[in-house]
Ligand SMILES: Cc1ncc(C[n+]2csc(CCOP(=O)(O)OP(=O)(O)O)c2C)c(N)n1
Ligand SMILES: [Mg+2]
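Chains as they are written, first to last, in this note's numbering: chain G, 2 to 327; chain P, 872 to 1203.
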C-alpha cells in the first residue's frame, strides 16, 4: 500500500479490512457494526465486503460481546469487537478486567486471548457525562491489557493492524473528536505498539500528550514559538506498555516536563509518568513536572462548561510559562 | 431359534457394555468424591490457602454430562469445579498440586482451587466471578461453528447464577446465533447461604430457557444415567446445528458452601434426605441390581481410594514454584 490520505474513521475500517483480507481468523462483531456500519461509521462497508458470517451485529450485551470474543479467541480466532462509547466499558468491566486480562495468567499460559476491543473515547462533542470519558485510566491498574491511544489516521491504522495481530488482549481507544481528521496512512511500519512518537522537536520543555490533547499541545507549541519558547511534543500512542525511554531522553535535553491529558489527575497515566520519572530521573528536572488535565468532576454537557473542562492550548501555554519561570 | 439366540446374545453384550460403562462412571464419581474429601481434610490441615468449594453430592452431573463429550469439545465451570475438571480427564495429582499451589499443579500454582484449568483435556477454565464464563462458553461454541467443526461447549454453573446479568446475555446470544452450547445449571438449592426461594421468584429454573427460545430440560442430577440421556440429547442437538439447551440438574451439595461453612441454614432432615439419594449410592445400587459382581464394586472402590491417596502423596512431594515464575505468562 502506498501512502494514502484517509480520515481517522476510514483508517480504522481500512485496518480491519486489510487484516480480514489476509487472515480468515479475523472477524468483527458489536452493536450495529455490520449492517449500519457502526454508530461512528468506522466499520462502514465491512459487512458488505466480508459477509455477515464475519461481520456480525450483536444484541445490546456488552458482557456477552466481550465474553464471546474471549471464548472465540481461545480456539484461535482473532475477534475485533466494538464497545461503542468507551464509557460502556463499565457494564462489561468484569469481562475486561477479570476475564480478558487475567485469563492467561491464571492458567499459567495454557490459553492465549488475542482479542482486540475497540472503544470510542473522549470528550468535546457535547455527549454528556456518560458518553464522553476517556477511560484508559480505568485499566492502567489491570496488568495483562495492552492499551493503545491513536491520535492520527496513520497511527490509527498502524496500531489497529498491530493490535489485531497481537496475541495478547488489546484495548484500542478511538477518540470521537478525531474521526474526521485527515492524514497520511501507510503500512510501511506496523511495529508500533509500545513506541512513542516525537511529533515536534524542541529544546525548552517536553509536552507529553495523547489523542485530542496531542493536537492541542501542538497548537500550544505554536503559540509558544511566538514567545521564543521551543516545546517538544511527544505522543505516547501506547499507554501500556508505556515508552518511558523516549520521554526520558527528551527530558535529558529539555529538563522540563508537562503531561497533558484528557482526564482528571487521580490515578492517571500522566500521574504515573511523573511519579516514575521523579523516582528514577529527578536530577533531570529544572522545575517540578506538571500535570494538565480535565477537572476533577464528571464531564459537563453545556458547550461552555465542557470547553472549560477540557485543557485548552491556552491552559497548556500557561502551565509552560509557570514551569519555565520556576 | 437363531433369532432368539441373537437377541439373547445382544442382551448380554449390551448388559456387559452398560456394566463396564457403569463401572467406569462409578470410578470417576468415586475419584471425585475421594479428591473432594481429601481437599476438605487438606483445608483443615492448612494445606489449602484462601478458600475452597467442594462438590460432594453433585458428582453425577459433571460425570454424566462429560461422558457425552468427545475430543475437540470444550467445558468451562466454576470455582466449584474440581469434579468437572476431573470428569474431563485431568489427573488427580495435578489437581491436588494446583490446590496446594505447587509448580506441577495444573496452572503452575497460579490459579488455585477456584481456577483449575486443563486445556489439554478440554477443560478451558474454572471461573470465580459468578456467571462470567457463560459468555465465554458462547464464544467457544461460536468458534466451532465459525471453524466448521462439530465441537460443542458445555458450561456448568449454579442455581444462583441464573440471577446474574451475564446469564441473560449469554443465553440470549447463544440462542440467537444458534451456537452449540450446553448450559448445565446445577441446582443445589443454595447460592452461598441463601436458599433458592429467598433469591429467586420461580422454582423451575429450566423455565427461563423459554424466554431465549431454547429448550429447558429438568433432570434428576443424582441419577448419572438420566443425566447422560438428557445431555446426549442436548449434545446431539448442538452438533446438528440446532442451537443451545439449558439443562437444570436437580442435586445437592452435601457439604457447606466453602471452607468450613457448617451449613446451619439447612432445615432439619434435608441433608439426610439427600444423603439417602447420594449419587454414588444410587449408582452402586443400580449396578448391583444388574449383574455386577459386588466384589468388583468393592475392589474398584479400593483401587480408586488408593489411586487418590497416591496422587495426593505425589502432589505433596512436589516443590513450590520458583519465585520468578510469578512474572511469567502475564502476556504471551
Ligand atoms: C459476581 C459475584 N458475586 C458474588 C460472588 C460470591 N459468591 C461466590 S459463590 C456464590 C454463590 C453462587 O451460587 P450458585 O450459582 O448457586 O453456585 P453454587 O455455589 O451453589 O455452586 C456467591 C454469591 C462471586 N463470586 N461473584
Ligand atoms: Mg447453588
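Glycine is no exception: its CB is placed at the ideal position from the N, C-alpha and C atoms.
What residues from chain P crowd round residue 59 of chain G, counting only those whose CB sits closer than 8 Å?
-> 1044
So, does the CB of residue 142 of chain G fall closer than 9 Å to a CB anywhere in chain P?
-> no
Cβ of residue 1098 of chain P within 9 Å of Cβ of residue 934 of chain P?
-> yes
Is it right to say residue 327 of chain G is buried, meaning 16 or more other beta carbons lie within 10 angstroms of its own, or is it exposed?
-> exposed
Any non-hydrogen atom of ligand 1 closer than 8 Å to residue 1001 of chain P Cβ | yes
Quick one: Cα of residue 1121 of chain P to Cα of residue 1067 of chain P, how far?
-> 12 Å
Between residue 873 of chain P and the rest of its own chain, which residues show a CB-CB distance below 7 Å, the 5 nearest in sequence each way excluded?
-> Low per-residue confidence applies at residue 873 of chain P: pLDDT is 49, beneath 50, and the placement is therefore not dependable enough to give any value.
Who pairs with residue 184 of chain G in a beta bridge, going by DSSP?
-> G:7
Helix, strand or coil: how does DSSP classify residue 69 of chain G here?
-> helix
Nearest-angstrom Cα separation, counted from residue 73 of chain G out to residue 907 of chain P | 32 Å
Taking buried to mean at least 16 other C-beta atoms within 10 Å of its own C-beta, is residue 916 of chain P buried or exposed?
-> exposed
Thinking just about the alpha-carbon of each residue, which of G:101, G:132 and G:127 is nearest to the one in residue 118 of chain G?
-> G:101
Between which two residues does the beta strand (DSSP E) carrying residue 1043 of chain P extend?
-> Note, residue 1043 of chain P: premise wrong, no beta strand (DSSP E); alpha helix (DSSP H) at 1036 to 1047.
Could you list the residues in the region 981 to 993 of chain P with a C-beta less than 7 Å from some C-beta on chain G, going in chain order?
-> 981, 982, 986, 988 and 990
Got a list of residues with beta-carbon closer than 6 Å to any non-hydrogen atom of ligand 2, in chain order?
-> P:1029, P:1030, P:1031, P:1059, P:1061 and P:1062
Anything in chain P within Cβ reach of residue 105 of chain G, meaning under 9 Å, just list it in chain order.
-> 1200, 1201, 1202 and 1203
Just grab the DSSP bridge partners of residue 994 of chain P for me.
-> P:946 and P:989
Nearest-angstrom Cα separation, counted from residue 231 of chain G out to residue 299 of chain G = 34 Å
Skipping 5 residues on each side, what residues in its chain have a beta carbon closer than 7 Å to that of residue 379 of chain G?
-> For residue 379 of chain G there is no data in the structure shown, the boundaries of chain G being 2 and 327.
For residue 1170 of chain P, count neighbouring C-beta atoms within 10 Å of its own C-beta (all shown protein chains included) and say buried if the count is 16 or more, exposed if not.
-> exposed
Stretch pair the region 1029 to 1036 of chain P + the region 982 to 999 of chain P: three plus CB contacts closer than 8 Å = no
Could you tell me whether the Cβ atoms of residue 1034 of chain P and residue 62 of chain G are closer together than 9 Å?
-> no
Smallest Cα separation from residue 958 of chain P: which of P:1116, P:1160, P:1194 and P:1095?
-> P:1095
May I ask you to verify whether the region 126 to 134 of chain G touches the region 250 to 259 of chain G, counting CB pairs closer than 8 Å and requiring at least 3?
-> no
Uninterrupted beta strand (DSSP E) stretches inside the region 165 to 229 of chain G (no shorter than 3 residues) = 171 to 176, 183 to 186, 198 to 201 and 206 to 210
Alpha carbon to alpha carbon, how far is residue 1008 of chain P from residue 1115 of chain P? Give it in angstroms, no decimals.
-> 11 Å
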